[in-house]
Amino acid sequence: MLSQTPPMGWNSWNTFGKDISDSLIRETADAMARNGLRDAGYQYVTIDDLWSERQRDEDGRLRPDARKFPHGMEELSRYLHSKSFKFGMYSCAGTRTCADFPGSYEYEFLDAETFAQWGVDLLKYDYCYKPNHVEGHLLYKRMAMALRSCGRDILLSACSWGKDGAETFMRNAGAHMWRSTGDISDNWQSVKGIIEHQKTLTPYGAPGCFNDMDMLVVGMRGKGNVALGGCTDEEYKTHFSAWCLFASPLIIGCDVRKVDGTSLQILTNRELIAVDQDPEGREPWIVTDAYDILVCMRPLANGNYALGFFNLSDDAREVYQNFWDLGLPTGSGYRLFLRDLWAHEDVGAVREGWRVRLEPHACAVYGARLVKG
38 MLSQTPPMGW NSWNTFGKDI SDSLIRETAD AMARNGLRDA GYQYVTIDDL WSERQRDEDG
98 RLRPDARKFP HGMEELSRYL HSKSFKFGMY SCAGTRTCAD FPGSYEYEFL DAETFAQWGV
158 DLLKYDYCYK PNHVEGHLLY KRMAMALRSC GRDILLSACS WGKDGAETFM RNAGAHMWRS
218 TGDISDNWQS VKGIIEHQKT LTPYGAPGCF NDMDMLVVGM RGKGNVALGG CTDEEYKTHF
278 SAWCLFASPL IIGCDVRKVD GTSLQILTNR ELIAVDQDPE GREPWIVTDA YDILVCMRPL
338 ANGNYALGFF NLSDDAREVY QNFWDLGLPT GSGYRLFLRD LWAHEDVGAV REGWRVRLEP
398 HACAVYGARL VKG
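Structure below.
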């Protein structure tokens with residue numbers, strides 16, 4: 038299975054947009070190998086839109102922009118693989134990409150063969166310029182079939198922005214991850230909106246095909262292609278925590294060559310990553326959802342749980358969650374032993390409920406296991 042756990046990696050779009058090149062991708066891979074991101078599990082290095090020439094060649098094949106990628110994609114792919122990364126590429130289900138470059142509509146099988154020849158391991162497949170008379174699910178089924186026949190394992194990252202009931206057909210179509218939202222921006226309102234959008238989507242993510250909440254903006258600090266104000270450290274922590282708790286793919290969007298220490302600590306929080314990468318791939322259930330307070334709990338493969346408290350409001354809040362609503366009555370004879378996954382400290386065994394004070398836009402995430410007594 039290509040996606041037993043949510044894919045992890047890096048994508049060029051959030052920070053660089055059109056300003057991509059062979060040297061940037063190599064430098065990014067080198068930085069990820071050097072700063073611990075690769076060892077933390079981030080393995081895909083993906084080139085987004087604006088990588089190709091404006092037109093296909095005389096045989097109908099896609100061509101990389103000769104100025105940006107003078108050595109070709111096969112050579113770049115070999116470099117990434119030599120560094121123990123996987124190579125991600127971009128195309129679009131429509132006639133043109135979102136930046137008005139050649140799309141894969143009616144070229145699905147030829148493009149899949151081309152990507153396989155280049156050593157591609159992941160295809161991000163966008164949804165712009167879709168012909169109105171063709172249903173979107175057919176376009177993703179066509180590319181999934183083309184990838185399955187190309188002779189190489191290529192993960193299909195379907196990016197239809199949650200449109201046209203994507204959650205209901207992407208698994209059956211053959212996608213391995215599917216975007217459930219529009220594009221993220223580097224600001225709190227965008228992050229908050231995406232978190233709130235997940236409340237009705239928890240039945241749809243599982244091993245083999247994960248709900249993609251879009252790329253991470255952690256570490257962008259208001260700089261780059263989707264930078265619209267930036268986020269605070271607490272907002273970045275809440276952003277990362279929610280993505281992990283909801284089992285979203287973790288695709289970094291900042292400039293990892295210059296990432297600051299605090300952002301790097303957030304992105305490499307191994308206890309949160311372990312929640313995201315839990316092999317059962319279960320989504321959380323919503324325990325409390327009122328007045329911009331969200332509490333959710335996720336079963337994990339080892340019999341334990343992840344318990345998240347999110348203050349999405351603009352005011353400091355004291356949040357109390359009784360354990361009855363988690364399914365744990367006081368008369369059961371059990372307590373919850375909590376571990377703070379940001380402080381990396383054990384809290385101890387707790388009976389009946391838990392109270393935590395959260396600053397605006399902040400969160401607390403705990404590992405929880407049942408103990409008798």
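In this text, residue positions in the sequence shown follow our numbering: the first is 38, and each later residue adds one.
Heads up, the beta-carbon is just placed ideally off N, CA and C, and yes, glycines get one too.
Counting only residues of its own chain and dropping the five nearest sequence neighbours on each side, T65 has a CB closer than 7 Å to the CB of W47, V82, V293, R294.
Looking from the CA of S128, the closest CA among R100, S121, N262, R63 belongs to R100. Within the same chain, and ignoring the five residues on either side of M69 in sequence, the residues whose Cβ sits closer than 7 Å to its Cβ are W47, R75, Y79, V293.
Close CB contacts of S278 within its chain, under the 7 Å cut and outside five residues either way in sequence, are with L309, G345, C400, V402 (chain order). D158 and L192 do touch by the CB rule: their CB atoms are close to 7 Å apart, below 8 Å. The count of Cβ pairs closer than 8 Å, one atom from the segment 312-329 and one from the segment 261-271, stays below three, leaving the stretches out of contact.
The C-alpha of L176 is placed about 11 Å away from the C-alpha of G211.
Comparing C-alpha distances from T52 to each of P366, M257, D297, K178 shows the shortest one belongs to M257. Within the same chain, G97 come within 7 Å of Y144 by CB-CB distance, once the 5 residues on both sides are set aside. DSSP places I323 inside the beta strand (DSSP E), whose first and last residues are 322-327. Under the 10 Å beta carbon count, D86 is surrounded by 16 or more other beta carbons and is classified as buried.
For D59, the enclosing alpha helix (DSSP H) covers residues 59-71. D249 and D220 have their alpha carbons spaced roughly 11 Å apart.
Closest option to H213, judged by alpha-carbon separation, among R394, D137, S40: S40. In the DSSP assignment, no residue is bridged to I232. The beta carbons of L287 and P43 sit closer together than 8 Å.
Under a 10 Å Cβ-count criterion, T275 is classified as buried, with 16 or more other Cβ atoms of the shown protein chains found around its own Cβ. If the five residues before and after I323 are omitted, its C-beta is found closer than 8 Å to the C-beta atoms of K236, T239, L331, V332, C333, all from its own chain and listed in chain order.
Y177: member of the alpha helix (DSSP H) spanning 173-185, first to last residue. In the DSSP assignment, N359 falls outside any alpha helix (DSSP H) and within the unbroken beta strand (DSSP E) covering 354-359. Under DSSP, D249 forms a beta bridge with R216. Counting C-beta atoms within 10 angstroms of its own C-beta, T151 has 16 or more neighbours from the protein chains shown and is therefore classed as buried.
Here L373 is near L407, since their CB atoms are less than 8 Å apart.
By the neighbour-count definition (other C-beta atoms within 10 Å, threshold 16), T367 is an exposed residue. Per DSSP, C281 lies in no beta strand (DSSP E); the unbroken alpha helix (DSSP H) holding it starts and ends at 270-282. Listed in chain order, the beta strand (DSSP E) elements of length 3 or more contained wholly in the segment 103-166 are 123-129, 159-163. In terms of Cα proximity to G202, the closest of G188, D190, G245, T218 is T218.
With a threshold of 16 other beta carbon atoms within 10 Å, Y273 meets it and is buried. Three or more pairs of CB atoms, one per stretch, sit closer than 8 Å, so the segment 387-398 contacts the segment 347-359.
Between V255 and S222, the C-beta spacing is not below 8 Å.
Contact check for S58 and K105: beta-carbon distance about 5 Å, within the 8 Å limit, so the pair qualifies.
Taking a 10 Å sphere around the C-beta of T205, we find fewer than 16 other C-beta atoms and assign the residue as exposed. DSSP places T83 inside the beta strand (DSSP E), whose first and last residues are 81-83.
Between Y142 and T132, the CB-CB gap stays under 8 Å. The three-state reading of DSSP puts E382 in strand, counting E and B together. Distance from the Cα of A353 is smallest, within the candidate group D362, N359, A343, Y328, for Y328.
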